[in-house]
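For reference, the structure is listed below as C-alpha cells.
Here you go:
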C-alpha cells in the first residue's frame, strides 16, 4: 500500500517507557467540544501545578481512553516532577510504563487521524495488539500565527501483552 502523501510521519518504532507522573484535567468529550476542552484545560493547569510547587517537566499531552457513543475519555495535561493533590478539576494522572509503539506526526492536527491509523496498521502488521490506551505529546506549541505544517506531535500507543 503506497504511503499517503499528506502523511509526513516518521517511521514507527517500538520502545519501553517508564511511568510518567502527570497533572491532568479529565472529561468525556464529544468531538465538537474537543478544542474548547483543550483550551480550558491548558488555561487551568499551569497555575494549579505551580500552586503545589510542582514543576512541568515536558510538553503538553493528551491521553485517550475508550470511546463511548459520541464521547471519548480524554485527559489533557503536562508531565510533572511529583504527584499533585487534586485541585478542582486538575487531578493527578500517569502515563503507563511498558511497551509502546511511537511515531512522530508532522503537520496539522486535522491529519492526526491518518497517522493514528498508520500506527495501528504498523502494530497489527507485526502481529502485535494495540491496547485501548494511547496518548499524544505536543512537541511544538501551537499558536495562531504558525504554519500548521510546522507542528510535530508524538503519537504513543500501548502494546497489549501477549
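Residue numbers (this note's numbering): 518 to 679. Note that CB positions come from ideal geometry on N, CA and C, so glycine has one too.
About 6 Å separates the beta carbon of residue 654 from that of residue 576, a gap short enough to meet the 8 Å contact definition. Annotation: the continuous alpha helix (DSSP H) that includes residue 552 extends over 551-568.
Collapsing the DSSP output to three states places residue 532 in a strand. By the criterion of a C-beta distance shorter than 8 Å, residue 565 is surrounded in its chain by 540, 601, 604, 605, 607, once the five residues flanking it on both sides are discounted. For the pair of segments examined, the stretch 615-632 was found not to touch the stretch 578-597: the number of CB pairs separated by less than 8 Å stays below three. Residue environment for residue 673: buried (at least 16 other C-beta atoms within 10 angstroms of its C-beta).
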